[in-house]
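Chains as they are written, first to last, in this note's numbering: chain S, 127 to 498; chain U, 2 to 377.
Read the structure below first, then the notes.
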Amino acid sequence: MKHSLQRIIALAAKELLAVLKDKRSRIVLIGPPILQLLIFGYAATFDLNNVPIAVYNEDRSAASREFIAHVINSPSFTLHGYIDSEHQITPLIDNRDVLMVMHIGPRFAANLLSGRSASVQLLIDGRNSNTALLAQGYVGNIVRDFNIDWAKRHNRPAPPATVTVRPWFNANLVSRWFIVPGLVGVLSMVITTIVTALSVAREREAGTFDQLLVTPLRPIEILIGKSFPGILIGVLEGSFILAMAIYWFDIPLRGSLGALYLGMFFFVLSGVGVGLMISSLALTQQQAMLGAFLFMVPAVILSGFATPIENMPYAVQLLTYADPLRYFLIILRGVFLEGYSYDLVSRYYWPMLIIAFVTLSFATWLFRHRMN
Amino acid sequence: MTPAAATRMRLRAMIRKESLQVLRDPSSIAIAIVLPLVLLLLFGYGVSLDAKHVRIALVVEHADANTASLTGAFQHSEYFLPVEFQNIQQAERSLEAHEVDGIVWLRNDFSSRLLLADDAAIGVFVNGVDANQARITQGYIEGLWQTWLTSYARDHGHELKMPVVLQPRIWFNPAVNSRNFLVPGLIAIIMTLTGAMLTSMVVAREWERGTMEVLMVTPIRLWEITVGKLVPYFVLGMGGMLLTLAMAQLLFKVPLQGSFLVLTATSALYMMVALGMGLLISSVARSQFVAGQVALVATFLPAFMLSGFIFHIGSMPEPVQIITHIVPARYFVAILQTVFMAGDIWPVLLSNSAALLLMMLLFLGIARRNARKRLD
Numbered sequence: 127m128k129h130s131l132q133r134i135i136a137l138a139a140k141e142l143l144a145v146l147k148d149k150r151s152r153i154v155l156i157g158p159p160i161l162q163l164l165i166f167g168y169a170a171t172f173d174l175n176n177v178p179i180a181v182y183n184e185d186r187s188a189a190s191r192e193f194i195a196h197v198i199n200s201p202s203f204t205l206h207g208y209i210d211s212e213h214q215i216t217p218l219i220d221n222r223d224v225l226m227v228m229h230i231g232p233r234f235a236a237n238l239l240s241g242r243s244a245s246v247q248l249l250i251d252g253r254n255s256n257t258a259l260l261a262q263g264y265v266g267n268i269v270r271d272f273n274i275d276w277a278k279r280h281n282r283p284a285p286p287a288t289v290t291v292r293p294w295f296n297a298n299l300v301s302r303w304f305i306v307p308g309l310v311g312v313l314s315m316v317i318t319t320i321v322t323a324l325s326v327a328r329e330r331e332a333g334t335f336d337q338l339l340v341t342p343l344r345p346i347e348i349l350i351g352k353s354f355p356g357i358l359i360g361v362l363e364g365s366f367i368l369a370m371a372i373y374w375f376d377i378p379l380r381g382s383l384g385a386l387y388l389g390m391f392f393f394v395l396s397g398v399g400v401g402l403m404i405s406s407l408a409l410t411q412q413q414a415m416l417g418a419f420l421f422m423v424p425a426v427i428l429s430g431f432a433t434p435i436e437n438m439p440y441a442v443q444l445l446t447y448a449d450p451l452r453y454f455l456i457i458l459r460g461v462f463l464e465g466y467s468y469d470l471v472s473r474y475y476w477p478m479l480i481i482a483f484v485t486l487s488f489a490t491w492l493f494r495h496r497m498n
Numbered sequence: 002m003t004p005a006a007a008t009r010m011r012l013r014a015m016i017r018k019e020s021l022q023v024l025r026d027p028s029s030i031a032i033a034i035v036l037p038l039v040l041l042l043l044f045g046y047g048v049s050l051d052a053k054h055v056r057i058a059l060v061v062e063h064a065d066a067n068t069a070s071l072t073g074a075f076q077h078s079e080y081f082l083p084v085e086f087q088n089i090q091q092a093e094r095s096l097e098a099h100e101v102d103g104i105v106w107l108r109n110d111f112s113s114r115l116l117l118a119d120d121a122a123i124g125v126f127v128n129g130v131d132a133n134q135a136r137i138t139q140g141y142i143e144g145l146w147q148t149w150l151t152s153y154a155r156d157h158g159h160e161l162k163m164p165v166v167l168q169p170r171i172w173f174n175p176a177v178n179s180r181n182f183l184v185p186g187l188i189a190i191i192m193t194l195t196g197a198m199l200t201s202m203v204v205a206r207e208w209e210r211g212t213m214e215v216l217m218v219t220p221i222r223l224w225e226i227t228v229g230k231l232v233p234y235f236v237l238g239m240g241g242m243l244l245t246l247a248m249a250q251l252l253f254k255v256p257l258q259g260s261f262l263v264l265t266a267t268s269a270l271y272m273m274v275a276l277g278m279g280l281l282i283s284s285v286a287r288s289q290f291v292a293g294q295v296a297l298v299a300t301f302l303p304a305f306m307l308s309g310f311i312f313h314i315g316s317m318p319e320p321v322q323i324i325t326h327i328v329p330a331r332y333f334v335a336i337l338q339t340v341f342m343a344g345d346i347w348p349v350l351l352s353n354s355a356a357l358l359l360m361m362l363l364f365l366g367i368a369r370r371n372a373r374k375r376l377d
């Protein structure tokens, strides 16, 4: 037993050195994750800000100008300019100079003052369907507020009250609160899987894997030793991004940090398991990279990181049960925003542990198989 | 043998060697074909920003004809999957447990409050963790409520007159289907994978294995090595584009409004840019591990996150928007979204193509400068 432990520690130390010794390898472990976190933390947003719009106002009344002011003063929209003929609309939208053109007809004020409905036409660029829907929604909100205000000031019967929607956990609906906790999971998975997947493949290409065969190390000891750098780097990386999320991005952490860490450990373990499985199947580094990729890309896309699992077809939703990131994302968002603690988080530990167990067992079996 | 004929012979040999290498290496084929297919299937079927069948809890404290009418409206709508509850506490617990994504609360004074101006008759809560989906759900609920209320008012003799009424028209994508803009953007991702990632790893592998040294002692010129290497990957990349186009049209019914010629020409241009990036990365990183990582961070992830493929560039913070100007995929995604959904809009196509041309010359120029026929 003591000898076994000594052998494992020796292998683990050697593995860690192999990763850290190469200067370029070191840079790649530290630089990119920071860069990725900063850029994607800020870039990944579904919110709508400073959308350029153009206004075609055929009715030069005070009423129309007041309405336009309401729209332009919103932080969601920026005025690109006024146009005075219909021909100018198409090129502006086609060339993406504006996302939306607001067209107010000549009888706007007349209709308003006489108690009829005044219609405003919105022409929206639908090339990004999500943005188009959001823009339409934002103008809709502005219109509702304008209607209530107008009715009050002109002694008209007020329209029925609009629904006030109260969002739980994220009152201002900031996209970043959803994406950045997710990045903790995504970035640590990327690093863990790549480091681990390339470890055996690199040795195989260099021929040093065969040298392991003449050592007293048993397959399971090799497995544990090779897991070590992946787990260590994964957890350190995850912690770093976690710290950035809390202190740089100001994402509130409402739940139990301990529960999150335990989840992170199990998650990294499953990532290492997958990495080792890929590593033992791949004969070259390129194959290992490819395998890591083929796992990571669907894992991220199907995890609910950016687009909800609920929107996926049922068959695809079933696939997501095999994705460890899916569970870790629920834990991350639950602990950050919903205040989860161990009791609510623990049900998500088991799937990740099962995935880790299955992949690590498979990797061990492959090691044994390939080594003979 | 004349110099020109010698060049042709060496080029042919180089291209043949590279092509054989690709064909005999299953992982190259996998990156160039399997991965694009996987991405296409995932994005075509898996990714959707359009919420359908949103699960909401309907709390009806006092059932009457009006509440029945409203709950019926929710049940008939394809946007909602309503679940009825008797009291708000049960519904809240359901929301906490993620069984539903929103709550619509019809209190027991529902019918008497219907046309009041000071407070809406229904209370609405949504789970705000996924801000985007929360906004969409909110929009759906408001839309359904507005429609129902208007018809209720009409049935009871009031004509609900809103002072200002919106008439929205969505150009290019009237069905407002997120797949229509996600699938064309995928062409950029796939080409980046083949052109930048695969190429950079392939050339780095030659350096690592020492076969580059072997090439150096042959009479083959440096530019002939380069061209010979890039030709098969160019072909693979264009193949990937055609595959995506075929699947987009046949399987996902994504329309191509613009011309096939324009699509092919701009794709070829972007492929050259991607190859230039791959070449540049491989000349800087002499090992596959580093080349792969750098390619991932410098080409694939920016193409995914910063190109406008899925996240709208105009909504990003100013400094990040500036950074997107050096991401080649940004220009190509703009071209793709326009050509597929809007048609051949020349100002957009020409300005973005010019940017791509500039980047291609830049990358190839730097790679040329870095490459020397030496062993260090």
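Even for Gly, the Cβ is constructed at its ideal location relative to N, Cα and C.
Note that this is a predicted model, so its numbers are computed, not measured.
Looking only at its chain, what residues have a beta carbon closer than 8 Å to the beta carbon of residue i, apart from the 5 residues adjacent to it on each side?
i: M324 of chain S; result: One detail in the question is off: residue 324 of chain S reads as Leu in this sequence, not Met. S405, Q411, A414, M415 and A418, listed in sequence order.
i: I57 of chain U; result: F75, F81, L82, P83, V84, V101, D102, G103, I104, V105, T138 and I142
Quick one: is residue i near chain U, going by C-beta distance under 8 Å?
i: L358 of chain S; result: no
i: F172 of chain S; result: yes
i: D220 of chain S; result: yes
i: T584 of chain S; result: Only positions 127 to 498 of chain S appear in the structure, and residue 584 of chain S is not among them; the question remains open.
i: L420 of chain S; result: yes
i: I165 of chain S; result: yes
i: I404 of chain S; result: no
i: N176 of chain S; result: yes
i: M315 of chain S; result: no
i: L309 of chain S; result: no
i: A139 of chain S; result: no
Express the C-alpha separation of residue j and residue i in angstroms, rounding to a whole number.
i: M306 of chain U; j: E160 of chain U; result: 48 Å
i: L42 of chain U; j: F295 of chain S; result: 33 Å
i: L59 of chain U; j: H77 of chain U; result: 14 Å
i: R279 of chain S; j: F272 of chain S; result: 11 Å
i: H267 of chain U; j: F333 of chain U; result: Note on identity: in this sequence residue 267 of chain U is Thr, with His being the wrong assignment. The straight-line gap from Cα to Cα measures roughly 8 Å.
i: T433 of chain S; j: V48 of chain U; result: 6 Å
i: L358 of chain S; j: R452 of chain S; result: 22 Å
i: W172 of chain U; j: D251 of chain S; result: 5 Å
i: A408 of chain S; j: A489 of chain S; result: 12 Å
i: F454 of chain S; j: N353 of chain U; result: 40 Å
i: S201 of chain U; j: L281 of chain U; result: 8 Å
i: G241 of chain S; j: V84 of chain U; result: 40 Å
i: N128 of chain U; j: R186 of chain S; result: 42 Å
i: I165 of chain S; j: M317 of chain U; result: 10 Å
Can you confirm whether residue i, when its beta carbon is compared against all beta carbons of chain B, has any partner nearer than 8 Å?
i: P293 of chain S; result: No chain B is part of this structure, whose protein chains are labelled S and U.
Step through the CB atoms of chain S and report whether any lies within less than 8 Å of the CB of residue i.
i: D131 of chain U; result: yes
i: R136 of chain U; result: yes
i: E143 of chain U; result: yes
Counting only the same chain and skipping the five closest in sequence on each side, list residues whose C-beta sits under 6 Å from that of residue i.
i: Y475 of chain S; result: F392
i: P233 of chain U; result: E19, S20 and V23
i: V246 of chain S; result: I230
i: I142 of chain U; result: V125
i: L142 of chain S; result: P355
i: E464 of chain S; result: F295
In chain order, what residues of the same chain lie with their CB nearer than 7 Å to the CB of residue i, ignoring the 5 residues before and after it?
i: P307 of chain S; result: A371, I377, L458, R459 and F462
i: Q503 of chain S; result: Chain S is shown only over 127 to 498; residue 503 of chain S falls outside these bounds and no answer can be derived.
i: P201 of chain S; result: N175
i: Y468 of chain S; result: S382 and A385
Legend entry - Contact list for the segment 235 to 257 of chain S against chain U, Cβ threshold 9 Å: Hits within the stretch, in order: N237, L238, G241, R242, S243, A244, S245, V246, Q247, L248, L249, I250, D251, G252, R253, N254, S255, N256 and T257.
Inset, instruction - Scan the segment 165 to 176 of chain U for residues whose Cβ lies nearer than 9 Å to a Cβ of chain S and list them as they occur along the chain. - result: Residues V165, V166, L167, Q168, P169, R170, I171, W172, F173, N174, P175 and A176.
Inset, instruction - Please list the residues of the segment 423 to 435 of chain S that have a C-beta atom closer than 8 Å to any C-beta atom in chain U, keeping them in chain order. - result: Across the segment 423 to 435 of chain S, CB contacts with chain U closer than 8 Å involve V423, P424, I427, L428, A432, T433 and P434, in sequence order along the chain.
Inset, instruction - Below 9 Å between beta carbons is the criterion; list the residues of the segment 331 to 352 of chain U that meet it against any residue of chain S, in chain order. - result: Residues of the segment 331 to 352 of chain U whose Cβ lies closer than 9 Å to any Cβ of chain S, in chain order: A335, Q338, T339, F341, M342, A343, G344, I346, P348, V349 and S352.
Inset, instruction - Select from the segment 354 to 384 of chain S all residues with a C-beta closer than 9 Å to any C-beta belonging to chain U, and list them in chain order. - result: So nothing in the stretch comes that close.
Inset, instruction - Determine, using beta-carbon pairs with one atom in the segment 306 to 325 of chain S and one in the segment 165 to 185 of chain U, whether at least three such pairs fall under 8 Å. - result: In short, these stretches do not touch, since the Cβ pair count stays below three.
Legend entry - Near-chain U residues of the segment 449 to 471 of chain S - C-beta to any C-beta below 7 Å: Answer set for the segment 449 to 471 of chain S: R459, L463 and E464.
Legend entry - Any 3 or more C-beta pairs closer than 8 Å across the segment 291 to 309 of chain U and the segment 182 to 196 of chain U: Contact annotation: the segment 291 to 309 of chain U touches the segment 182 to 196 of chain U, with at least three C-beta pairs closer than 8 Å.
Legend entry - Stretch pair the segment 205 to 225 of chain U + the segment 348 to 365 of chain U: three plus CB contacts closer than 8 Å: No, the segment 205 to 225 of chain U does not touch the segment 348 to 365 of chain U.
Inset, instruction - Pair every Cβ in the segment 317 to 337 of chain U with every Cβ in the segment 270 to 279 of chain U, then say whether three or more of these pairs are closer than 8 Å. - result: Output reads yes: the segment 270 to 279 of chain U touches the segment 317 to 337 of chain U.
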